[in-house]
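Protein chains in written order, with the numbering used here: chain A, 1 to 494; chain B, 1 to 494.
Number of protein chains: 2
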Amino acid sequence: MIYWIKRFSRYRLNSFYQENRQNPLIMVQTIVTFAPMASIKPSVPKGTRDFSPTEMVRRNFIFDTIKSVFRKYGYQQIETPSMENLSTLTGKYGDEGDKLIFKVLNSGDFWNEAERQKQKTGSFEYNSKSLTPLISEKALRYDLTVPFARYVVMHQNEITFPFKRFQVQPVWRADRPQKGRYREFYQCDADVVGSDSLLNEAEFVLIYDEALSKLGLKDFTIKINNRKILSGIAEIIDKADSIIDLTVAIDKLDKIGLDGITKELIERGFTEADIEKIKPVILLEGTNEVKLESLRKALAGSTIGLNGCDEIETVLNYIAICKLQSANLELDITLARGLNYYTGAIFEVKTNEAAMGSIGGGGRYDDLTGMFGLKGITGVGISFGADRIYDVMEELKLFPAAASQSTKLLICCFDKEGEKFALPLLQELRRKDINAELYPSGAKLKKQLDYANSKNIPYTIIIGSEEMESGLLTVKNMQTGVQEKRTVEEIVGE
Amino acid sequence: MIYWIKRFSRYRLNSFYQENRQNPLIMVQTIVTFAPMASIKPSVPKGTRDFSPTEMVRRNFIFDTIKSVFRKYGYQQIETPSMENLSTLTGKYGDEGDKLIFKVLNSGDFWNEAERQKQKTGSFEYNSKSLTPLISEKALRYDLTVPFARYVVMHQNEITFPFKRFQVQPVWRADRPQKGRYREFYQCDADVVGSDSLLNEAEFVLIYDEALSKLGLKDFTIKINNRKILSGIAEIIDKADSIIDLTVAIDKLDKIGLDGITKELIERGFTEADIEKIKPVILLEGTNEVKLESLRKALAGSTIGLNGCDEIETVLNYIAICKLQSANLELDITLARGLNYYTGAIFEVKTNEAAMGSIGGGGRYDDLTGMFGLKGITGVGISFGADRIYDVMEELKLFPAAASQSTKLLICCFDKEGEKFALPLLQELRRKDINAELYPSGAKLKKQLDYANSKNIPYTIIIGSEEMESGLLTVKNMQTGVQEKRTVEEIVGE
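Next up, the structure:
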């Protein structure tokens, strides 16, 4: 009984109370059991997370690395508000997306105001859809792309194009939480708008290469495709609507072979003649250059398809001059993400060292700001999947053991005299930009050393009466346990 | 007429339409005028802001400086979710505060769910208060203190005390926006819980001193008081409820003199005898030591008051050993912020170089986590007012002209050949961690140099056919206009 009530939500407990208020025995049990619930441990909303000091150091390492590379390539940081007008966001992510936007309840007497507006409209049916616009006019941002488009339109007179911006901020989605999927998570985007040069595409490949190499990844693949190649393939067989069916099938070549693919495509309405035409596409292999050569032959009849090949070739040529550090760059015509909005290059990044989906992606879109009335602005952008990169780095043990951000040295002392002795040394170290702490006096040495260990502080200095008399302090390396005597001057000098 | 309609909100336009639908002339005008509204410029919710690249560089400078000082003193960063359960926040900020919490509408079919729950409760009156808990269970955090208390309780078994944490994240308040007051703004807090040592208070004074000095402030005052001194004053005249009246009156000494204060206090119910007893407190002046001496005499009859004096003295003694860089530390018994929750030290920071309210504040609280069922945890913390510090720094022109984060060098070229020539140089510079850009070919030189100027890029390199032949590139200092010829090797070397 008690166990059962404990699992009650507050609301269910309330209805239980209403039903059983005539039964004194149950009521006593309910009250007794309810009492400890007041001091139940607090929690965070599902799908959201706290980040501990250790996690923050690691997350900062990832974000700082990516940001420094963005800056190196001339990208500038902006931030937009967490809340946008609901009208800015609605309709930009499809019907399914709209449902996943977190709406913010109007402040003040929202219900009175809703009633007032409702009366003007005549008959009114109460439901979530009809009420939402009356009680909510703001929402949490769902991604960084739509707010960026809004930013560009709002600030178009202050911006010099091409505008290269990056943005690292949380976004919120009312998705069903599951492993690796959260309701609040950071996006890490760089975009350039107002330049159609393919140099931008090439530089994004370099940015992925440099940032992920700096994070310690050694074997990863940047896949590149071009929407125009996909359009070209669809054009030569006159099947624009089936391009996804086609790429899904081609992707299975290793598993089911040409015969399997042929069978699958015929089931999906492709003809033998279609398949004959695109056979070179299905069997595409070799280096990027060889693949491009085959594609050009297959797409000879499609202007847009050949144009896509030219674009890919230009990007590859830029990269050939610049050289990649660790990335494999692979033309992959089965890459078909974002077909609804990408109009040129399409990117996706995968690590080959861990089983993990895409850790980054992006592409070119030709009309980002059109939704806010500013036409003809082309753009291209990429995104890093920070949470997944975190998981990969943890699995591969790539996080530096000694975080540069944490305390380097803890001074331990035992009384007010020790504190007085320690404080000038402490401040001297801090003046030299060394992160250092003095444990407040009064605690036993074991407690102080436990504190150092729990914070991964690599060195401790112990100041007892003997040390104060001799002026020789004991410096302990907490990793090796080695202790050495040093004067204050020596410590500060080192 | 047109002007008038343009100022309509969408909803008012709708009611205008309902009222005038029988009048064809007005309707035509309405439709014609309404059409351009669809492409009206997008906006952000009132009280929220976009931050441009220039503003971000400056904000990062402030935040990075403060964070680096927090770390130097052993504080570790955490982050908590933007949304907390409504039950975590409600009742923690008083009735007025509760009204200013932004509530998040439940996702899914919230109205259907609300109806379901409503039926269980029997009779139900529709209003904002009764509906809120049925349609919202999450809210945006209102400050960083309550989420921190929740964090400490939730993670108490993973935490080693004393726990020194800092947190720099936005908070949201449904306040009426006005100059300098926003609905979304960053808080910048450091707190230590689980240590009653006054060394912590002293270190917060040092943190304020070091961080604000590093930001370039030269003349600022850290005011310190102690709740126990205020309690002591109230105790000797037996007027615990009037302590605010008293401090407000004392604060006017310069303006209205002792006679004015006496008059005001008597109007507020103090007796002549009261005033005689606290006259030394009203007339308190001199150095902190002299003030303490006078206070001890006046508070001789109050144990708690003397205890407060001891605490202040201990903090002053710590500071005397460590020395301050730029701050004036001033014992100010009129400082009475946060009397509802502070139980020991009270801090406030003001700049003397600009007319601005407090740019920081904090204090000690004895039962932070009690609200979540964990008793007996004492803590002390401070906060930096980042937005106000930004305004002060802008007024005093303290932001570095050349931001270290932006592009150092722009390479200008005019054709594909120039790009090919430029790319290896560009990547060489980037490999040396120099932020550099290549303007995509095809634009006129003027446009490229305008771009450099708008981004405050200090150097440009121009690559024309002559430069490619000779190998001598023209490096232009954009500030002075001076141009010099350099080889690629020389540029990379420098």
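C-beta atoms are modelled at their ideal positions from N, C-alpha and C, and glycine is treated no differently.
Please tell me whether residue i has its Cβ less than 9 Å away from any Cβ of chain B.
{"i": "A/E494", "result": "no"}
{"i": "A/G442", "result": "yes"}
{"i": "A/M83", "result": "yes"}
{"i": "A/R388", "result": "no"}
{"i": "A/G216", "result": "no"}
{"i": "A/G74", "result": "yes"}
{"i": "A/V475", "result": "no"}
{"i": "A/T65", "result": "no"}
{"i": "A/T132", "result": "yes"}
{"i": "A/T407", "result": "yes"}
{"i": "A/V495", "result": "The structure shown does not extend to residue 495 of chain A, since chain A is modelled only from 1 to 494, so the question has no answer here."}
Could you spell out where the alpha helix (DSSP H) holding residue i opens and where it closes?
{"i": "A/E330", "result": "No alpha helix (DSSP H) holds A/E330; the beta strand (DSSP E) holding it covers 327 to 331."}
{"i": "B/N307", "result": "303 to 322"}
{"i": "A/F421", "result": "416 to 431"}
{"i": "A/I463", "result": "A/I463 -> not in any alpha helix (DSSP H); beta strand (DSSP E) instead, spanning 459 to 463."}
{"i": "B/F384", "result": "Per DSSP, B/F384 belongs to no alpha helix (DSSP H); it is in the beta strand (DSSP E), 379 to 384."}
{"i": "B/L206", "result": "199 to 214"}
I need the straight-line Cα distance from residue i to residue j, nearest angstrom please.
{"i": "B/Y186", "j": "B/A345", "result": "24 Å"}
{"i": "A/V492", "j": "A/L425", "result": "8 Å"}
{"i": "A/F384", "j": "A/L324", "result": "18 Å"}
{"i": "A/L473", "j": "A/L212", "result": "43 Å"}
{"i": "B/G97", "j": "B/R141", "result": "12 Å"}
{"i": "A/K416", "j": "B/V315", "result": "13 Å"}
{"i": "B/R486", "j": "B/G442", "result": "24 Å"}
{"i": "B/T262", "j": "B/L230", "result": "18 Å"}
{"i": "A/G481", "j": "B/P162", "result": "24 Å"}
{"i": "A/N60", "j": "B/S465", "result": "44 Å"}
{"i": "A/S9", "j": "B/T48", "result": "Because the pLDDT at A/S9 is just 41, under 50, the model does not fix this residue reliably, and the value given afterwards should be weighed accordingly. Taking the straight line joining both Cα atoms gives about 36 Å."}
{"i": "A/K444", "j": "A/F414", "result": "7 Å"}
{"i": "A/Y459", "j": "B/N288", "result": "37 Å"}
{"i": "B/Y208", "j": "B/D367", "result": "24 Å"}
{"i": "A/G269", "j": "A/I275", "result": "11 Å"}
{"i": "A/L398", "j": "B/N328", "result": "46 Å"}
{"i": "B/R183", "j": "B/R173", "result": "5 Å"}
Would you give the residue range spanned by the beta strand (DSSP E) that residue i belongs to?
{"i": "B/Q187", "result": "184 to 193"}
{"i": "A/V44", "result": "Element bounds for A/V44: n/a, residue is neither H nor E."}
{"i": "B/R165", "result": "163 to 172"}
{"i": "A/E484", "result": "483 to 487"}
{"i": "B/N225", "result": "220 to 226"}
{"i": "A/G471", "result": "That residue, A/G471, is in no beta strand (DSSP E); it is neither H nor E in DSSP."}
{"i": "A/G360", "result": "360 to 365"}
{"i": "B/T351", "result": "345 to 351"}
{"i": "A/N85", "result": "83 to 85"}
{"i": "A/E136", "result": "Checking the displayed sequence, the identity of residue 136 of chain A turns out to be Ser instead of Glu. That run of the beta strand (DSSP E) goes 136 to 140."}
{"i": "B/K103", "result": "103 to 105"}
Report the CB separation of residue i from residue j in whole angstroms; it is logged as a contact under 8 Å.
{"i": "A/N226", "j": "A/E311", "result": "5 Å"}
{"i": "A/A249", "j": "A/L265", "result": "5 Å"}
{"i": "A/G103", "j": "A/L86", "result": "Note that residue 103 of chain A corresponds to Lys in the displayed sequence, not to Gly. Rounded, the Cβ-Cβ distance is 7 Å, consistent with contact."}
{"i": "B/E79", "j": "A/M56", "result": "6 Å"}
{"i": "A/I359", "j": "A/R388", "result": "5 Å"}
Step through the CB atoms of chain A and report whether any lies within less than 9 Å of the CB of residue i.
{"i": "B/M468", "result": "no"}
{"i": "B/Y142", "result": "no"}
{"i": "B/I312", "result": "no"}
{"i": "B/G481", "result": "no"}
{"i": "B/A240", "result": "no"}
{"i": "B/D191", "result": "no"}
{"i": "B/R513", "result": "Past the edges of chain B, shown from 1 to 494, lies residue 513 of chain B, and the structure says nothing about it."}
{"i": "B/L212", "result": "no"}
The ligand NAP and residue i: does the residue's C-beta get closer than 8 Å to at least one heavy atom of that ligand?
{"i": "A/L258", "result": "This structure lacks the ligand NAP; in fact it carries no ligand of any kind."}
Task: Residues of the region 445 to 465 of chain A with Cβ closer than 8 Å to any Cβ of chain B, in chain order - done: D450, Y451, S454, K455
Open item on the list: Any C-beta of chain B within less than 8 Å: which residues of the region 305 to 335 of chain A qualify?
Closed with: Y318, I321, C322, K323
- [ ] Could you please tell me which residues of the region 365 to 386 of chain B, in chain order, have their CB closer than 7 Å to any CB of chain A?
- [x] F372, G373
- [ ] Determine which residues of the region 337 to 366 of chain B have a Cβ less than 8 Å from any Cβ of chain A, and write them out in chain order.
- [x] Contact residues of the region 337 to 366 of chain B toward chain A are absent (C-beta to C-beta distance below 8 Å).
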